[in-house]
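These notes concern the structure reproduced below.
In our numbering, the protein residues as written are 50 to 128.
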């Protein structure tokens with residue numbers, strides 16, 4: 050396994066808790082691929098995103114096209 054994203058599904062939202070990529074695969078863009086796939090999946094399922102995971106929050110900050118997935122009360126996480 051190259052990596053994973055830990056999350057919890059709640060009614061109408063997905064809460065990202067932790068993302069990890071095995072050190073053998075670091076620096077190859079797998080974390081970004083994982084984040085992009087997870088966020089696209091959330092959008093496809095009409096879920097809001099609670100980015101408690103620092104990596105997911107940072108990814109959304111660098112890719113503002115996903116900021117609309119984050120509820121107003123969690124926008125500080127990506128500011």
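Glycine residues also receive a C-beta, built at the ideal position from the N, C-alpha and C atoms.
By the beta-carbon neighbour count (other beta carbons within 10 angstroms, threshold 16), residue 76 is exposed.
Within the model, the alpha-carbon separation for residue 124 versus residue 74 is close to 30 Å.
Assigned with DSSP and collapsed to three states, residue 73 falls in helix. Distance check between residue 55 and each of 72, 78 and 83 places 83 closest, using alpha-carbon atoms only. With respect to the 8 Å criterion, residue 66 and residue 59 are not classified as neighbours on the basis of their beta carbons. Check the Cα spacing between residue 52 and each of 121, 98, 72 and 90: the tightest is with 72. Taken through DSSP and simplified to helix, strand or coil, residue 58 comes out as strand.
For the pair residue 90 and residue 62, the Cα-to-Cα distance works out to about 11 Å.
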